[in-house]
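Worksheet for the structure shown next.
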Amino acid sequence: ACASLCCALVVFKREKFGGKWKRHSTLPRYKLPPTAIAMQPNSPVLAAVFADHKIFQYDFGEYRFTFSSYLKLDKLGGSIGQPVRGIVFDPRNDDAMILQHDSDLLVLHFEVEDDADGGQTERKRRTSGGKAGNDEEEVVPRKKYSMQVLKKYTRLVDTRWFGRDEMLVVEANPLSMVEHLPPAFRRKIFGTA
Numbered sequence: 001a002c003a004s005l006c007c008a009l010v011v012f013k014r015e016k017f018g019g020k021w022k023r024h025s026t027l028p029r030y031k032l033p034p035t036a037i038a039m040q041p042n043s044p045v046l047a048a049v050f051a052d053h054k055i056f057q058y059d060f061g062e063y064r065f066t067f068s069s070y071l072k073l074d075k076l077g078g079s080i081g082q083p084v085r086g087i088v089f090d091p092r093n094d095d096a097m098i099l100q101h102d103s104d105l106l107v108l109h110f111e112v113e114d115d116a117d118g119g120q121t122e123r124k125r126r127t128s129g130g131k132a133g134n135d136e137e138e139v140v141p142r143k144k145y146s147m148q149v150l151k152k153y154t155r156l157v158d159t160r161w162f163g164r165d166e167m168l169v170v171e172a173n174p175l176s177m178v179e180h181l182p183p184a185f186r187r188k189i190f191g192t193a
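Next comes the structure, spelled out in structure tokens:
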């Protein structure tokens, strides 16, 4: 999956023979650029978070959006001005993902929402080509989410899963990183190094 600053999300697929990349799908544009995207490892699901904290999931197996909402980060004490910089799916649970927001790790759990009448679905109407009589209804489950802070870090850089049970969290001090840069990247101030 690739994202651009012009708000486009494109998914490529690698061919079995020849190893060339071919465009698989282009998702509809949103008004703001995405700040984090990730593909779920166990199923063909793409998650994206945008600059205004809107999150959605798109299922390529069913070719439809399965979840869309605005994250309420102010309720967790997080900074609203900071974007979500990373998404990591939990390989043990398809209904959970970990978000990297500023220096916090947040866990998002999805649940199917129960309606007041006991049903667990929302009906949407889809037309096919404008032909009369070919209208069909598809049943789409509605999801709700719960979010909690997993851990707060001081200088969080990146988060990745190793296998199914190990998670790597990289934390770095920016001042110590400058000391290890080669001389070409150090800045001279008034003739001193």
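Position 164 of the sequence shown, counting from 1, maps to 164 under full-length UniProt numbering, and the rest follow consecutively.
We put the beta carbon where it would ideally sit given N, CA and C, even for glycine.
- In this structure, the beta-carbon distance from residue 144 to residue 111 falls below 7 angstroms.
- Counting along the chain, residue 43 sits inside no alpha helix (DSSP H), nor does DSSP assign it H or E at all.
- With at least 16 other beta carbons inside 10 angstroms of its own, residue 101 counts as buried.
- The beta carbons of residue 30 and residue 53 sit no closer together than 7 angstroms.
- Per DSSP, reduced to three states, the secondary structure at residue 165 is coil, with no helix or strand assignment.
- At the C-beta level, residue 46 and residue 107 stay beyond 7 angstroms of one another.
- In this model, residue 180 and residue 172 are separated by some 13 angstroms (Cα to Cα).
- When the alpha-carbon of residue 74 is set against those of 176, 62 and 148, the nearest one is in 148.
- Taking C-beta separations shorter than 7 angstroms and ignoring five residues to either side along the sequence, the partners of residue 34 in its chain run 3, 9, 48, 49 and 50, following chain order.
- Bounds of the alpha helix (DSSP H) holding residue 179 are 174-179.
- Per DSSP, residue 17 lies in no beta strand (DSSP E) segment and is marked neither H nor E.
- Leaving aside the five residues that flank residue 82 on each side, the residues in its chain whose CB is nearer than 7 angstroms to its CB run, in chain order, 101 and 102.
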